[in-house]
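Numbering (the UniProt record's numbering), first residue to last: 1 to 206.
We put the beta carbon where it would ideally sit given N, CA and C, even for glycine.
Below is one structure, written out as structure tokens; comments come after it.
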Amino acid sequence: MLRSAIARTVAPARSAAFATRRTYVNLAPISTSHATSSGSRAAGHVKTDQGAEFKMDLQKELGGAGKQLNPEVLLAAGYGTCFLSALAATHGNLHKDAKPLPKSAKVDTEVTIGKDADEKTPGFFLAVNLKVHSAPLKEVGLSDEQIHKLVEEAHELCPYSRAFKGNVDVKLSVECSVLRMRQVPVGDEGYCHASGGDAPEATDTA
């Protein structure tokens, strides 16, 4: 299962159980959200039914000014928020006698846009990195192993994760509270605590 180790600079690994299979259901709608996009990706405008309006811009790496929002940052915001909800729901199912997750529960979401490095398929592709902070989860008494299990099962529940399953590379990791920027891939490199005396001296908290 999960091995006890400190993650170094390795990239988070994708959950093997979540690699390729796709699931389709006969959807019974509960709620539908709507937004109107106009202009272009480089100089666009978005308006929602709730009255929110914002400008869109290309990232600097894509030739834009990078001063406005872009589709990837909106996806990161939506996915991260949805994953927090999945974490809370999964926590309630797995740990019925525990306190609810605190408001300080936090997920960092990175959405990367790029091209096929092997140059076999034209066009652009997305990759996602979800980093769950462990400290708020430990506030309700969860162990490292329980946190990893929680993240994996929340990934199975989250509708964004289900939508991307088998098509977008989604990596999961748990960011430790012991060392800043230290993260442990879920289902691959073990728990957040140090194993042995090879951990560097703590300099800050996550």
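Pull up the CB-CB distance for residue i and residue j, whole angstroms please, since I reckon it's below 8 Å.
i	j	result
glutamate 153	leucine 94	7 Å
alanine 76	threonine 48	That belief does not hold up - the Cβ atoms of alanine 76 and threonine 48 are roughly 17 Å apart, past 8 Å.
leucine 172	histidine 155	6 Å
valine 107	leucine 84	5 Å
Cα separation between residue i and residue j?
i	j	result
valine 186	phenylalanine 54	35 Å
serine 143	aspartate 169	27 Å
alanine 105	tyrosine 24	30 Å
cysteine 82	valine 151	13 Å
residue 268	threonine 32	Residue 268 cannot be examined here, being either before or after the span of the chain that is shown, 1 to 206.
glycine 64	alanine 43	9 Å
asparagine 167	serine 161	10 Å
threonine 90	glycine 39	40 Å
aspartate 118	leucine 62	20 Å
proline 100	proline 29	28 Å
leucine 87	valine 128	17 Å
glycine 51	glycine 141	40 Å
proline 122	aspartate 116	7 Å
glutamate 72	cysteine 176	25 Å
arginine 41	lysine 96	45 Å
glycine 114	lysine 120	13 Å
tyrosine 27	cysteine 158	Reading off the sequence shown, one finds leucine at residue 27, where the question assumed tyrosine. For leucine 27 and cysteine 158, the distance between alpha carbons rounds to 15 Å.
Can you tell which of the options has the C-alpha that lies nearest to the C-alpha of residue i?
i	options	result
residue 241	Thr109, Val132 and Leu27	There is no way to answer for residue 241, as the model of the chain reaches only from 1 to 206.
leucine 58	Leu126, Leu84, Asp49 and Leu69	Leu69
tyrosine 79	Ala163, Cys176 and Glu175	Ala163
serine 112	Leu130, Cys176 and Cys158	Residue 112 is actually threonine in this sequence, not serine. Among Leu130, Cys176 and Cys158, the Cα nearest to that of threonine 112 is on Leu130.
valine 174	Leu157, Ala135 and Gly141	Ala135
alanine 35	Arg41, Gly114, Glu72 and His45	His45
isoleucine 147	Gly92, Phe124 and Lys165	Gly92
leucine 126	Ala98, Cys158, Lys165 and Leu27	Lys165
serine 37	Asn26, Met56 and Leu27	Met56
Q.
What ranges does the alpha helix (DSSP H) occupy inside the region 98-163, keeping only unbroken runs of at least 4 residues that lie completely in it?
A. If we require 4 residues or more, the alpha helix (DSSP H) runs fully inside the region 98-163 come out as 135-138 and 144-157.
Q: Mind listing, in chain order, the continuous alpha helix (DSSP H) runs of no fewer than 4 residues lying wholly within the region 41-98?
A: Counting whole runs of 4 or more residues, the region 41-98 contains the alpha helix (DSSP H) stretches 71-94.
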